[in-house]
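Position 84 of the sequence shown, counting from 1, maps to 84 under our numbering, and the rest follow consecutively. One structure is given below, encoded as structure tokens.
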Amino acid sequence: LIPAIQGNFPNTRVQGCFFHFCQAVLRQVGRLGLRNDYMNNQEIRKKVKMLMALAFLPVHLVPAGFEIINVGTSGQLEALFQYFQREWLPAATIPLWNVHGVSVRTNNHLEGWHSRMNKRARKHHLGFYQFLQLILDEQGKTETVVRQIDDGYTHGRGSVRRSAAYGVQQRRVAALTG
């Protein structure tokens, strides 16, 4: 699917979801029998979180970052690092999960939109004209919201008012990752 998207839309950057990336790493922690160690051993938990934090480094620094945190790993944790190297470190793969400089790092907004559309549809398989009407209704609602935002009347349907803590977190990530 990714080559097809990039082939038809060459200026498109395919971006994975940071949440799902972390979820995949944590699933592997469970498969390797490290769940209890992850919960009870601060050093193991720190190493796993450092693996997930590699996503915030610039793409070209990820392999070096991996090597730095890989120093001194042994046992089942070594198996986790081998998995990570095999699944997540190939050069073509890193840009898919790397979120350096990316402000929207999850696809929660897309999942929410999809859920709302399914609720509006009220059934799983719409006919073509029913689906077309659903899309046209969505377009009309979106155009109304855009006009309201342009006119200063609203912050937008589904817009998130970020907390001050979120802003601090964003600035910390930016400062630490360049």
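Cβ coordinates follow ideal geometry from the N, Cα and C atoms, glycine included. Remember, it's a predicted structure, so these values are computed and weren't measured experimentally.
The closest CA to that of N98, considering only Q76, H60 and K141, is found on H60. In the displayed model, P95 falls within a helix according to three-state DSSP. Taking the C-beta atoms as reference points, M52 is found nearer than 7 Å to C22. Check the Cα spacing between G75 and each of A4, Q148, L34 and Q170: the tightest is with L34. DSSP places Q139 in the helix class (H, G or I) of the three-state scheme. Distance check between L89 and each of L57, R120 and R31 places L57 closest, using alpha-carbon atoms only. Going by DSSP, D37 is part of the alpha helix (DSSP H) stretching over R35 to N40. Going by beta carbons, L80 and L32 fall inside the 7 Å limit.
In this structure, the straight-line span from the alpha carbon of R13 to that of I2 is close to 10 Å.
Contact between A121 and L134 holds, with the beta-carbon distance rounding to 6 Å and staying under 8 Å. Around the beta carbon of I94, 16 or more other beta carbons sit within 10 angstroms, so the residue counts as buried. For the pair G7 and L96, the CB atoms are not nearer than the 7 Å cut-off. With respect to the 7 Å criterion, Y38 and V29 are classified as neighbours on the basis of their beta carbons. With a beta-carbon spacing of about 6 Å, T177 and H100 fall inside the 8 Å limit used to define contacts. The shortest C-alpha to C-alpha distance from Q139 to any of K46, M117 and I44 is the one to M117.
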